[in-house]
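Below you'll find the structure, written out as structure tokens, and then a few comments.
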Amino acid sequence: MQALTNRAQPVNRKPMTFWERLYLINIFKGMLITFSHIFKKQPTIQYPEQKRPFSPVFRGLHVLNRDEEGRERCTACGLCAVACPAEAITMEAAERLPGEENLYREEKYAARYEINMLRCIFCGLCEEACPKDAIYLSETFAPANFNRTTFIYGKQDLLIPNPVTEPEAYAKAKGLN
Amino acid sequence: MLLSIDWILFLEKLILIAIVIFASLGIALYTTFAERKVAAVLQDRPGPNRAGPFGLFQPFADGLKLIMKEEIIPNTSNKVLFVLGPFLAMTAALMTSAVIPWSSDVHLFGRVIPLQIADVNIGILYIFAVVSLGVYGIMIGGWASNNKFSLMAALRGASQAISYELAMGLSLIALLMTTGTLQLGEIVKQQMEPGHWWNIVYQPLGFLIFIICAFAECNRTPFDLPEAENELNFGYHQEYSSMKLGFYLFSEYVNMFISSVVMATLYFGGYDVPFLNESLLSPNVAAILGVVALLIKVVIFIFIFMWVRWTIPRFRYDQLMNLGWKSLVPLALANMLITGALILWMGK
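These protein sequence lines map, in sequence, to chains A and B.
Using the working numbering, count along the first sequence one by one with no gaps and you end on 362.
Using the working numbering, count along the second sequence one by one with no gaps and you end on 371.
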């Protein structure tokens, strides 16, 4: 048979020599190898105290964005829900009433916006689909919980803090400080 | 009066027994912790480090967990024997420590107290007898569970222990030919004499056979066939839960401690501090130094036990039997022959 690569090596079927059959030397060699591992650097990260930095392209929990004046950017167009391969996003649209211009940027807004974090695969397609820069994926991940219903994140969980009324919380959420 | 009992001697021995048992249990407790740490370090991990400073309370957390678990006795098991099994294993493991000389005599309140519970003149025979009893713990536990895996593991454990006891005994006969006594205290005193080396110098091959057999007797890797997880699930203690399981696991560590002590005593001078003439020191200081020296030797042996465990994979069962009967027994016999010939030749 033609070898596919030139790396193939025939199996060594020579009978073992006396010293090999004695095992002891090879056992001792193995023990030296394991002993040398005592002095190796441990790659462990002590998790709650130390955290590994995420890469800049990390896709974590979703955040619903606001503009500079603290108005919600989302217009409930539904493109994110359409783009979502896991069908994790649902929303209900509502019309902006007079006097709510400081809350919502455009005439239509999402009255209800839910993401099921158990369905979400964190692909980031919603972020790409959004024409209004309203949704993006942050660098945090969903904390563990005992209850399945807690994994359906509503607007109050997703919305970023208002930069006008709560500038500190906003800066923290943005990771600015 | 003939029946008068030396009550102080009685008290003295009682205290010594309590100290030895609690010390063995404490050391075994921390051996479980050391095992996890050694395994971790050999595998480039930090190991348990959350419970207390450096994870030092981990063994207590493990013990508490075992105690809090539900106690299950299978319906189809033989209930009396099922409960008896772990206690036999533990008792046999602890009984061995009775004849071990822990250090030289202590002088307290005008009395000379030997740090040895019983200096019987058949010390080694006693150890062998009690170690063989340990097999009953495995056998009874495995049989009483009424589980085919447990029974298989128990059979394996018993035949393994019997096979390796043979080679172990033969390797010891060679040692006894050089020492001329079965008394452990006497064997240590001989090694402490000036101009006399430790027995490892006279019996290197015998020690090698002895340590291999000790691994097999303690059911440690590479000979942990009674616990072979991948073919026998969990081995002879599969049906056990809670503290009964804990007793089985714990007796393994006590066994390891005791066999380390026996090896140190027989081959590495026991409580002898190397390159130091103990008779020049005051007896109490010498005794304390002796205990420390013995414990250091024991710690080194326990480390070797663990080191081997985390290096070598398990033997197959036929390989195990081949090694025991076809290699170790003839080798031990040859060692005996050579020793005898040398003794005759040197005219000792």
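Glycine included, each C-beta is placed from N, C-alpha and C at the ideal position.
All values reported here derive from a predicted model rather than from experimental measurement.
Contact list for residue i against chain A, beta-carbon separation under 7 Å
i      : result
B:D341 : In chain order: nothing, as chain A lies at least about 15 Å away.
For residue i, three-class secondary structure by DSSP
i      : result
A:L249 : strand
B:N358 : helix
A:E257 : strand
B:H130 : strand
B:Y259 : helix
A:L207 : coil
B:V224 : helix
A:I300 : strand
A:N362 : Any reading at A:N362 must be qualified, since the residue scores a pLDDT of 49, below 50, and its modelled position is unreliable; the value itself is stated next. Looking at A:N362 - three-state DSSP - the assignment turns out to be coil, as it is neither helix nor strand.
B:V135 : strand
A:S323 : coil
A:A295 : strand
A:L344 : strand
A:I337 : strand
B:Y19  : Outside the modelled stretch of chain B, which goes from 24 to 371, sits residue 19 of chain B, for which no answer is possible.
A:Y355 : helix
B:Y271 : helix
Cut-off 7 Å between Cβ atoms - residues of its own chain near residue i, not counting five sequence neighbours on either side
i      : result
B:E262 : P97, S100, S168, N170 and S173
A:D342 : none
A:A188 : none
B:N144 : L205 and Q206
A:V349 : E254 and G255
B:M266 : L89 and I90
Whether residue i touches residue j by CB criterion (8 Å)
i      : j      : result
B:C236 : B:M279 : no
B:I161 : B:A141 : no
B:F238 : B:M191 : no
B:V314 : B:S126 : yes
B:I405 : B:T244 : A question about residue 405 of chain B goes unanswered here, because the residues of chain B that appear run from 24 up to 371.
B:M329 : B:V61  : yes
B:Y290 : B:N358 : no
B:I44  : B:L107 : no
B:P109 : B:F270 : yes
A:A273 : A:I300 : yes
B:L205 : B:L198 : no
A:C308 : A:P270 : yes
B:S186 : B:M369 : no
A:S323 : A:V242 : no
A:R258 : A:A319 : yes
Contacting residues, own chain, Cβ-Cβ under 8 Å from residue i (five flanking each side not counted)
i      : result
A:R281 : L288, Y289, E291, E292, K293 and Y294
B:H219 : Q213
A:R333 : L303
B:I325 : T54, A57, M279, F280 and S283
Within chain B, the residues that residue i reaches when beta carbons sit closer than 7 Å
i      : result
A:T219 : L65, W330, W333 and T334
A:K225 : D67
A:F215 : The sequence given here places Gly at residue 215 of chain A; Phe does not occur at that position. What A:G215 touches in chain B: T334 and I335.
Cβ neighbours of residue i in the same chain (closer than 6 Å, five flanking residues each side left out)
i      : result
B:Y159 : L111
B:F298 : none
B:E301 : A309
B:T119 : I150, V153 and I281
B:F80  : A74
A:N362 : In this prediction, A:N362 has a pLDDT of 49, which is less than 50 and means its spatial position is unreliable; what the coordinates show is noted afterwards. Around A:N362: A356.
Continuous alpha helix (DSSP H) stretch holding residue i: start and end
i      : result
A:A193 : First-last for A:A193: undefined, no H or E at that position.
B:Y149 : G146 to A167
B:W330 : P306 to R332
B:K60  : W30 to L65
A:L313 : The residue you asked about is not Leu; residue 313 of chain A is Glu in the sequence shown. Here the alpha helix (DSSP H) through A:E313 covers L310 to A314.
Beta strand (DSSP E) segment containing residue i, residue limits
i      : result
A:M276 : I274 to E280
Partner residues on chain B for residue i, Cβ-Cβ distance less than 9 Å
i      : result
A:P200 : Residues of chain B passing the Cβ test: none, with the nearest at roughly 16 Å.
A:I212 : P245, V331, T334 and I335
A:P346 : Going along chain B, no residue has its Cβ under 9 Å from A:P346, so there is no contact; the nearest lies around 34 Å.
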